[in-house]
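In this text, residue positions in the sequence shown follow the numbering used here: the first is 24, and each later residue adds one. Quick notes on the structure that follows.
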Amino acid sequence: MKRYTCMIVDDEQDAREALTVLLQRHVDHLDIVAEASNIEEAETALGRVNPDILFLDVELGHTLIFELLDRQEINARLIFTTAHDQYAFKAIKARAADYLLKPIRPSDLREAVSRACTELDKDQLILELNQLLEQYNVKRLSLPVKDQIRLASLNEVIYCKADNNYTRLQLADDEQIVVTKTLKHFEDLLPPETFIRVHQSYIVNSNYIRQLHLADSALLLKNDFSVPVSRARKQRLKDFLRSAWRVC
Numbered sequence: 024m025k026r027y028t029c030m031i032v033d034d035e036q037d038a039r040e041a042l043t044v045l046l047q048r049h050v051d052h053l054d055i056v057a058e059a060s061n062i063e064e065a066e067t068a069l070g071r072v073n074p075d076i077l078f079l080d081v082e083l084g085h086t087l088i089f090e091l092l093d094r095q096e097i098n099a100r101l102i103f104t105t106a107h108d109q110y111a112f113k114a115i116k117a118r119a120a121d122y123l124l125k126p127i128r129p130s131d132l133r134e135a136v137s138r139a140c141t142e143l144d145k146d147q148l149i150l151e152l153n154q155l156l157e158q159y160n161v162k163r164l165s166l167p168v169k170d171q172i173r174l175a176s177l178n179e180v181i182y183c184k185a186d187n188n189y190t191r192l193q194l195a196d197d198e199q200i201v202v203t204k205t206l207k208h209f210e211d212l213l214p215p216e217t218f219i220r221v222h223q224s225y226i227v228n229s230n231y232i233r234q235l236h237l238a239d240s241a242l243l244l245k246n247d248f249s250v251p252v253s254r255a256r257k258q259r260l261k262d263f264l265r266s267a268w269r270v271c
């Protein structure tokens with residue numbers, strides 16, 4: 024069986040040790056590569072390791088783990104481990120693979136890890152398919168949609184919009200596809216000569232740009248879509264359009 028890596032984030036040492044013991048006894052294909060007791064330690068550790076799965080307590084002292092998720096884009100599968108049930112909806116919005124209440128039952132832990140690993144296997148399949156499409160110069164994206172893989176032409180994609188740790192792809196035929204991937208994932212995947220990130224929450228297909236409204240810091244796209252342009256990215260967008268368009 025393929026092995027995966029994980030990291031534990033919990034402000035209580037006893038809780039970290041208890042989860043470590045559970046994983047060692049009941050999950051035989053998961054290696055713990057890092058631990059953290061607060062958000063700052065977690066950020067430092069994530070700079071060193073790139074775990075496949077993150078076990079996250081919700082309340083870390085006086086802060087919530089969602090601050091970490093808001094501060095950086097994380098591609099790891101998230102399993103929340105907490106004594107508090109009131110954060111379940113926010114965990115779902117953060118694309119959690121599972122939400123386990125303490126004390127954690129071994130059967131629930133095995134099921135959560137199995138679900139996360141299944142999603143990771145699907146991610147690997149999609150990565151290999153995208154690499155194959157790129158190798159043969161087929162300009163399509165393979166996108167996981169429920170239990171299927173949807174192939175979409177790059178020319179169909181008008182823009183990508185961040186939605187927490189999901190991404191919404193707006194297609195030219197008015198279809199929207201929601202994918203459990205961060206916007207950073209698509210920024211790395213899409214060809215930079217065509218797609219440009221214009222805002223923390225938006226990547227646009229330059230072929231669909233109709234007008235740039237400098238005063239309003241907005242892009243008007245074909246099909247009557249409008250997206251904001253952040254101040255920090257405005258100059259880069261102007262340079263991009265100057266090189267792509269014939270400016271009079």
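The beta carbon of each residue, even a glycine, is placed where N, CA and C say it ideally should be. Source: prediction; values computed, not measured.
Notebook entry, point to check: Just reading off the beta strand (DSSP E) that L237 is part of, what are its end residues?
Noted result: Element bounds for L237: n/a, residue is neither H nor E.
Notebook entry, point to check: Excluding sequence positions up to five away, which residues of its chain have a Cβ less than 7 Å from the Cβ of Y189?
Noted result: Cβ neighbours of Y189 within its own chain (closer than 7 Å, five residues either side excluded): R118, V201, V202, T203.
Notebook entry, point to check: Who are the Cβ neighbours of C271 in its own chain at under 6 Å, not counting the five residues just before and after it?
Noted result: At C271, the pLDDT of 46 sits below 50, so the modelled position is not reliable and the matter cannot be decided from this model.
Margin query: I'd like to know if the stretch 240 to 248 and the stretch 203 to 217 are in contact, where contact means that at least 3 CB-CB pairs between them fall below 8 Å.
Written below: Flag = no, the stretch 240 to 248 and the stretch 203 to 217 do not touch.
Next item on the list: Taking the CB atoms as reference points, tell me whether Y110 and I181 lie closer together than 7 Å.
Entry: Contact check for Y110 against I181 fails: the beta carbons are separated by 7 Å or more.
Note to self: Can you tell me whether Y27 is helix, strand or coil according to DSSP?
What the structure shows: In the structure shown, Y27 sits in a strand (DSSP, three-state: E or B).
Note to self: For T28, which residues in the same chain have their Cβ closer than 6 Å to its Cβ, ignoring the five residues on either side in sequence?
What the structure shows: Setting aside the 5 residues that flank it on each side, T28 is surrounded in the same chain by D54, V56, P74, D75, each with a C-beta closer than 6 Å to its C-beta; the list follows chain order.
Next item on the list: Classify Y231 as helix, strand or coil using the three-state DSSP reduction.
Entry: In the three-state reduction of the DSSP assignment, Y231 falls in the helix class.
Next item on the list: Count the other CB atoms, across all protein chains shown, that sit within 10 Å of the CB of L237; report buried if there are 16 or more and exposed otherwise.
Entry: Around the C-beta of L237, fewer than 16 other C-beta atoms lie within 10 Å, and the residue is accordingly described as exposed.
Next item on the list: With DSSP collapsed to three states, give me the class of E82.
Entry: Assigned with DSSP and collapsed to three states, E82 falls in strand.
Check: Are three or more beta carbon pairs between the stretch 93 to 105 and the stretch 119 to 126 nearer than 8 Å?
Finding: Result yes; three or more Cβ-Cβ pairs closer than 8 Å.
Note to self: Here's a check: name, in chain order, each residue in its chain whose Cβ is nearer than 7 Å to the Cβ of A195, leaving out the five neighbours to either side.
What the structure shows: Non-local C-beta neighbours of A195 in its own chain, meaning closer than 7 Å and more than five positions away in sequence, comprise E179, I181, N246, ordered along the chain.
Item checked: Inter-residue spacing [alpha-carbon to alpha-carbon] between R220 and V32 -> Answer to the nearest angstrom: the Cα atoms are 31 Å apart.
Next item on the list: Note down the Cα distance separating R254 from T86, rounded to an integer number of angstroms.
Entry: Going by C-alpha positions, R254 is about 29 Å away from T86.
Item checked: Reduced DSSP secondary structure (H/G/I, E/B, other) of Q147 -> Note: Q147 maps to helix in three-state DSSP.
Next item on the list: Would you kindly work out how many angstroms separate the C-alpha atoms of L192 and A65, rounded to a whole number?
Entry: CA-to-CA, the gap between L192 and A65 works out to about 30 Å.
Next item on the list: Output the distance between the C-alpha atoms of D37 and A68, rounded to the nearest integer angstrom.
Entry: Approximately 20 Å between the Cα atoms of the pair.
Notebook entry, point to check: How is L42 classed by DSSP in three states: helix, strand or coil?
Noted result: Helix at L42.
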